[in-house]
Amino acid sequence: MKLIIVTLFFSLFPLFADTFTNALIDETSPYLQQHAHNPVNWMPWGKAAFIKAKKENKPIFLSIGYATCHWCHVMEKESFTKRKIAALLNKYFIPVKVDREELPQIDALYQRIYKSYYGHSGGWPLNLFLTPQKQVFYITTYIPTKTESYAEGFTTLLPKMNALYNNKLRLKNAIEEIAHAAPKENKNVQKILTTQSLVDSIQKMYDTDYPGFGTSKQFPEAAKITLLLDLAQLTKNKKLAKEYFTLLDTMALRGIYDQVGGGFFRYSVDREWEIPHFEKMLYTQADLIVLYVRGYALSHKRLYKDVVQESIAMLQKHFSWHNLYFSASDADTKKGEGAYFTFTPKEIDAALKYNVHEDDIRDALGLVIEENFHERVHLNFYTNTRPKGFYYFQKALREIQSKHTYPFIDKKINTAWNAMMIATLYKAAYIDEKYAKMADKSLFALEQMMLRKQELYHQTIPNHQPQQKGLLEDYAFFIAALLASYEQSYDIAKLQEAEYLLAQAKQRFYKSGVWYLSSKKQIKAGVNDKYYTAAVSKMVQNIIRIAVLKESLRYDKFAQKSLNTLQNELPYKLADAPALARAYLMHKNGVVLLKSKKSNLLQNRKKIQAIEYPYIMTRAEHYDDFLACDLRQCFAKEKNLEKIIFLIYKKKI
15 MKLIIVTLFF
25 SLFPLFADTF
35 TNALIDETSP
45 YLQQHAHNPV
55 NWMPWGKAAF
65 IKAKKENKPI
75 FLSIGYATCH
85 WCHVMEKESF
95 TKRKIAALLN
105 KYFIPVKVDR
115 EELPQIDALY
125 QRIYKSYYGH
135 SGGWPLNLFL
145 TPQKQVFYIT
155 TYIPTKTESY
165 AEGFTTLLPK
175 MNALYNNKLR
185 LKNAIEEIAH
195 AAPKENKNVQ
205 KILTTQSLVD
215 SIQKMYDTDY
225 PGFGTSKQFP
235 EAAKITLLLD
245 LAQLTKNKKL
255 AKEYFTLLDT
265 MALRGIYDQV
275 GGGFFRYSVD
285 REWEIPHFEK
295 MLYTQADLIV
305 LYVRGYALSH
315 KRLYKDVVQE
325 SIAMLQKHFS
335 WHNLYFSASD
345 ADTKKGEGAY
355 FTFTPKEIDA
365 ALKYNVHEDD
375 IRDALGLVIE
385 ENFHERVHLN
395 FYTNTRPKGF
405 YYFQKALREI
415 QSKHTYPFID
425 KKINTAWNAM
435 MIATLYKAAY
445 IDEKYAKMAD
455 KSLFALEQMM
465 LRKQELYHQT
475 IPNHQPQQKG
485 LLEDYAFFIA
495 ALLASYEQSY
505 DIAKLQEAEY
515 LLAQAKQRFY
525 KSGVWYLSSK
535 KQIKAGVNDK
545 YYTAAVSKMV
555 QNIIRIAVLK
565 ESLRYDKFAQ
575 KSLNTLQNEL
585 PYKLADAPAL
595 ARAYLMHKNG
605 VVLLKSKKSN
615 LLQNRKKIQA
625 IEYPYIMTRA
635 EHYDDFLACD
645 LRQCFAKEKN
655 LEKIIFLIYK
665 KKI
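Counting in my numbering, the final residue of the sequence shown is number 667, and the numbers go up one at a time with none missing.
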């Protein structure tokens, strides 16, 4: 019996030997939890890590990622689970992990350093070597285990970084080289901002061959697409308007959009929008659904309505929790990247078996060609609309897909992203009023969870109290959701709450004309909108809107002061920060405040939302007539809404 027990113990020893637990085990972040059993002695970002680094005289190895990041998973599997790499990291460094969604201000700081040093944007994973005093002496993105043609590997890089740290002269030079790097000046910077200069700028960036703004890969940059339509409407530029709708069509019909389950993937790896990285982010859905609501209001194209309804249905099915929304879903399952969202040729054949429009669908989807993604098929339309019989095909594929394993879902409840989605749902009420009711429930749930003792919090996970105080982005998007709620219900309490939170935000994040990402006021707010709208740009838009709704010159001056500071700090042309450009245009051209009694506004909501001037707000008053007003004057008063719309066009366009 003793022999059996001893034999069993030693047979299980390798299993126990491979089980590690590090300091991340006590963290609530799903991303940090993914690394809690790496053999690397990870520590979370905080004082303890830097105190340890100083005490042991070791540099920090800082790795930044997020729970649904494909290449973060690859690097973990290749390197962070390997004892040899872990031994080097543990011996020479204090390894620190950061969830960029938990600490976006830390990520923003180091992404800015990366861009300054290399002259182009970074991404995730982002990896750095720091002194215990937080001085950066090496920065890069993905690191392979062994050196490849595109990057030096961990096995040689780690000893090299240790040697560099211990050579004080070389270390000093490396720190100074990165610290003194500055963004390369763009000779085409627009010194004087005008509407036409923005038209010229965005036109140069737009790719007419492959609609969008990418070169080697395409991100669905919602803020830039929004600006495109704003400029089209302000200048009556039919070319820009056509580019807007062509881009909406292309994204809705190609592989960046999930043709079966609905919703957009994070980005396309090619210019053609065909093959995505298969992550789905809550902020991507929130940003893009609004574009299609706006497109539908102007065109009544069924495809746009489908995109809105399918995307929201997808979120309700996979992301919804107690009227709130999880943060993201992964690209990968155990069967590989995109396995849930792609199909075998046999599955495609089965879905088309009884479809009388099989030939049309195959032609439209290019399915006469072989598999396009790892011996599987990812759906793309190569026509300008969905073919006949598509909805039966979609239904059949959904039944097949129900047998696939859905990817990991990052179950963080993020205040900013939920607020973005709430504002989107209010806009989507143009298509179906039920979305406004969903938004009401979500706003109430978010207030109950994240607004405690009149203080906003950043994020949490289900069944946990939030601990992290709100950041600028949380306040900016929460205020925007409150303003959207006010325009849906005309409940004055929502406007008052928005004002209160703006005052809080100013106290916490604003100092001497500058907005900061956190209340520590150490990291200035950036204006880049590549992934989603920059918090500071959204905040300035909020201030402009509140100034109009309250008819307040004080708020207007505050908006102007914020704009002046931000414009002076822009390293490149303004169209690279399209949400800030939009704030500039809102302030320059003026938001039109349409006032009438509540019943008039509610009855005519769809007509108002379809007005082809981009900056319209509404406020309930006791007037039977409609009044159209600027900040400083009302310029039209009519009983007939159509006449008011005509006068808005006459004055503003």
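Cβ coordinates follow ideal geometry from the N, Cα and C atoms, glycine included.
**Minimum length 3: unbroken beta strand (DSSP E) runs contained in the segment 553 to 641** = 606 to 611, 630 to 635
**Prompt:** What are the uninterrupted segments assigned as beta strand (DSSP E) that are 3 or more residues long and contained completely in the segment 223 to 263, given in chain order?
**Reply:** none
**Item:** Rounded separation between Phe233 and Lys69 - CA only
**Value:** Looking up residue 233 in the sequence shown gives position 219. Looking up residue 69 in the sequence shown gives position 55. Computed Cα separation, rounded: 44 Å.
**Asked** With 16 other CB atoms within 10 Å as the buried threshold, where does Val213 fall?
**Response** As a position in the sequence shown, residue 213 is number 199, starting the count at 1. Val213 should be labelled buried.
**Item:** Delimiting residues of the alpha helix (DSSP H) encompassing Glu461
**Value:** What you label residue 461 is simply residue 447 of the sequence shown in a count that begins at 1. Here the alpha helix (DSSP H) through Glu461 covers 448 to 464.
**Prompt:** How is Cys643 classed by DSSP in three states: helix, strand or coil?
**Reply:** Position 629 of the sequence shown, counted from the first residue, corresponds to residue 643. Note: Cys643 maps to strand in three-state DSSP.
**Prompt:** Which same chain residues, not among the five before or five after His49, have their C-beta less than 7 Å away from its C-beta?
**Reply:** Counting from one through the sequence shown, the residue named residue 49 turns up at place 35. Here the set comprises Leu38, Trp56, Glu90, Phe94, Lys111.
**Pair within 7 Å by beta-carbon distance, Ser499 and Leu457** = Reading the sequence shown from its first residue, position 485 is the one you call residue 499. Reading the sequence shown from its first residue, position 443 is the one you call residue 457. In contact: Ser499 and Leu457 (Cβ atoms closer than 7 Å).
**Message:** Between which residues of its own chain and Ile436 is the CB-CB distance below 6 Å, once the five residues before and five after are set aside?
**Reply:** Within the sequence shown, the letter at position 422 stands for residue 436. Same-chain partners within the cutoff: Ala453, Ser456, Leu457, Ala495.
**Request:** Helix, strand or coil for Gly275, going by three-state DSSP, please let me know.
**Result:** Locating residue 275 in the sequence shown gives position 261, where the first residue counts as 1. Gly275 falls in the coil class under three-state DSSP.
**Item:** Distance between beta carbons of Ala81 and Ala353, contact taken as under 8 Å
**Value:** For the purposes of this step, residue 353 is identified with residue 339 of the sequence shown, where counting begins at 1. For the purposes of this step, residue 81 is identified with residue 67 of the sequence shown, where counting begins at 1. Contact doesn't hold; Cβ gap of about 18 Å is too wide.
**Message:** Assuming Val112 is part of the beta strand (DSSP E), what are its boundary residues?
**Reply:** Counting from one through the sequence shown, the residue named residue 112 turns up at place 98. Unbroken beta strand (DSSP E) run through Val112: 108 to 113.
**Request:** Use the C-beta contact count for Tyr444: other C-beta atoms within 10 angstroms, 16 or more gives buried, fewer gives exposed.
**Result:** Within the sequence shown, residue 444 is the residue found at index 430, counting from 1. By the 10 Å Cβ count, Tyr444 comes out buried.
**Request:** Consult DSSP for Asn52 and reduce its assignment to one of helix, strand or coil.
**Result:** The residue you call residue 52 lines up with position 38 of the sequence shown. Asn52: coil per DSSP, three-state reduction.
**Message:** Let's see if you can read the secondary structure: which residues bound the beta strand (DSSP E) around Ile153?
**Reply:** Here residue 153 corresponds to residue number 139 of the sequence shown, with the count starting at 1. First-last of the beta strand (DSSP E) with Ile153: 150 to 154.
**Prompt:** Do the segment 522 to 537 and the segment 114 to 124 meet, that is, are 3 or more Cβ pairs less than 8 Å apart?
**Reply:** yes
**Prompt:** With a CB to CB cut of under 7 Å and the five nearest residues on each side skipped, what residues in its chain are close to Leu128?
**Reply:** Here residue 128 corresponds to residue number 114 of the sequence shown, with the count starting at 1. Note that residue 128 is Tyr in the sequence shown, not Leu. Within the same chain, Tyr128 has close Cβ partners Gly136, Leu140, Ile153.
**Request:** Taking Asn432 as part of the alpha helix (DSSP H), name the residues at either end of that continuous run.
**Result:** For this step, residue 432 is matched to residue 418 along the sequence shown. Looking at the DSSP string, the run of the alpha helix (DSSP H) that includes Asn432 is 429 to 442.
**Asked** Is the beta carbon of Ala345 less than 7 Å from the beta carbon of His84?
**Response** Here residue 345 is taken as the residue at index 331 of the sequence shown, counted from 1. Here residue 84 is taken as the residue at index 70 of the sequence shown, counted from 1. Cβ atoms of Ala345 and His84: closer than 7 Å.
**Asked** In terms of residue numbering, what span does the alpha helix (DSSP H) encompassing Cys648 cover?
**Response** In the sequence shown, residue 648 corresponds to position 634, counting from 1. Premise fails: Cys648 lies in the beta strand (DSSP E), 648 to 652, not in any alpha helix (DSSP H).
**Request:** Assign Gln481 to one of three DSSP states: helix, strand, or coil.
**Result:** The residue you call residue 481 lines up with position 467 of the sequence shown. Reduced to three states, the DSSP call for Gln481 is coil.
**Request:** Mark Thr229 as exposed unless 16 or more other C-beta atoms lie within 10 angstroms of its C-beta, in which case mark it buried.
**Result:** If you number the sequence shown from 1, residue 229 lands on position 215. That one is exposed.
**Request:** Can you say whether Ile506 is buried or exposed, counting buried as having 16 or more other CB atoms within 10 angstroms of its CB?
**Result:** Here residue 506 is taken as the residue at index 492 of the sequence shown, counted from 1. Exposed: under 16 other Cβ atoms inside 10 Å.
**Message:** Please return the same chain residues whose Cβ sits closer than 6 Å to the Cβ of Asn618, not counting the five positions on each side in sequence.
**Reply:** Locating residue 618 in the sequence shown gives position 604, counting from the first residue. These residues qualify, in order along the chain: Leu655.
**Prompt:** Thinking just about the alpha-carbon of each residue, which of Leu178, Ile99, Ser313, Asn180 is nearest to the one in Pro158?
**Reply:** Walking along the sequence shown from the start, residue 158 turns up at place 144. That would be Ile99, whose Cα lies nearest to the Cα of Pro158.
**Message:** For a test of the three-state rule: what should DSSP assign to His87, helix, strand or coil?
**Reply:** The sequence position of residue 87 within the sequence shown is 73, counting from 1. Here His87 sits in helix by DSSP.
**Asked** With 7 Å set as the bound, which would you pick, yes or no: does the beta-carbon of Glu257 sit closer than that to a beta-carbon of chain C?
**Response** This model lacks chain C altogether, as it is built from one protein chain only.
**Request:** Just the C-alpha distance for Leu411 and Asn52, rounded to the nearest angstrom, thanks.
**Result:** As a position in the sequence shown, residue 411 is number 397, starting the count at 1. As a position in the sequence shown, residue 52 is number 38, starting the count at 1. Their Cα atoms are separated by approximately 38 Å.
**Asked** Can you check whether the CB of Val606 is closer than 7 Å to the CB of Ala549?
**Response** Within the sequence shown, the letter at position 535 stands for residue 549. Within the sequence shown, the letter at position 592 stands for residue 606. No. Outside cutoff.
**Asked** Measuring CA to CA, which of Tyr179, Leu241, Lys525, Gln125 is closest to Ile108?
**Response** Here residue 108 refers to the residue found at position 94 of the sequence shown. With distances taken between Cα atoms, Ile108 lies closest to Tyr179.
**Message:** As an exercise, report each continuous alpha helix (DSSP H) stretch of at least 4 residues that is fully enclosed by the segment 342 to 427, in chain order.
**Reply:** 359 to 366, 372 to 379, 404 to 415
**Asked** Is the beta carbon of Thr358 less than 7 Å from the beta carbon of Ile427?
**Response** On the sequence shown, position 344 is the one that residue 358 refers to. On the sequence shown, position 413 is the one that residue 427 refers to. Against a cut-off of 7 Å, the Cβ pair of Ile427 and Thr358 comes out as no contact.
**Asked** Which two residues bound the contiguous alpha helix (DSSP H) that contains Leu497?
**Response** In the sequence shown, counting from the first residue as 1, residue 497 sits at position 483. It spans 486 to 503 - the alpha helix (DSSP H) in which Leu497 sits, taken as one unbroken run.
**Message:** Rounded to the nearest angstrom, what separates Leu245 and Gln415 at their Cα positions?
**Reply:** Residue 245 sits at position 231 when you count from the first residue of the sequence shown. Residue 415 sits at position 401 when you count from the first residue of the sequence shown. Each residue's alpha carbon lies about 41 Å from the other.
**Asked** From this set, Asn176, Ser163, Arg376, His332, which residue's C-alpha is nearest Phe151's C-alpha?
**Response** Here residue 151 is taken as the residue at index 137 of the sequence shown, counted from 1. For the residues Asn176, Ser163, Arg376, His332, the minimum Cα distance to Phe151 belongs to Asn176.
**Prompt:** If we count Cβ pairs, one from each stretch, closer than 8 Å, do we get three or more for the segment 235 to 250 versus the segment 305 to 319?
**Reply:** yes
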